[in-house]
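Here is the structure:
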């Protein structure tokens, strides 16, 4: 004889599991570690603020796309840009462009990461840049669509500064690239418990 289904108990179990999943997901932040020729840079992602951008970025990370790419554009006092060119400055084939999510309340503050793009606001693919100061002209306003902030450096800003300090000017077609190319040797996801004392971008 089959035992009667205890609907109330089943619903209680499902509810408990959903609550556990919610607490577990909110207790951990999404981070990516980039191992470079000069050291490690760890970034924290903002999937709630820039869901399309973060999803796109993680697809590149998970596929190994960034491994072996270089920081090809380094401008002191402005940005460090990478994520699209190989060691020989050849461009890697990318996924389709994504929509601009710059109106998410995040500003291009020092240490934040934004998506690089062409003049078309919806042309970002794989390349990103790290802001070296608050680049107010990259924030969206009524005249400018702005650049999508989707992450920030939580560890390794000193490595970013090492990249900035590298000599440049050797390559005529890429005058802002370090003379000794700085590669992203590997980029991968890492999980870490949220720290409520960590300051978030305004």
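Numbering (mature numbering (1 follows the signal peptide of the UniProt record, and there is no 0)), first residue to last: -29 to -1, 1 to 173.
The beta carbon of each residue, even a glycine, is placed where N, CA and C say it ideally should be.
For residue 45, the enclosing beta strand (DSSP E) has its first and last residue at 42 to 46.
With respect to residue 130, residue 11 sits close: the two C-beta atoms are nearer than 9 angstroms. For residue 32, the enclosing alpha helix (DSSP H) starts and ends at 22 to 34.
By the Cβ-count criterion, residue 114 is exposed, with fewer than 16 other Cβ atoms from all chains shown falling within 10 Å of its own Cβ. For the pair residue 112 and residue 80, the CB atoms are not nearer than the 9 angstroms cut-off. If only uninterrupted beta strand (DSSP E) runs of at least 3 residues are considered, those enclosed by the stretch 97 to 137 are 99 to 102, 120 to 126. Short of 7 angstroms from the beta carbon of residue 24, and not among the five residues preceding or following it, lie these beta carbons of its own chain, in chain order: 69, 72, 86, 119, 121. Here residue 66 has 27, 30, 31, 96, 97 as same chain residues with Cβ atoms under 8 angstroms from its own Cβ, once five neighbours each way along the sequence are excluded.
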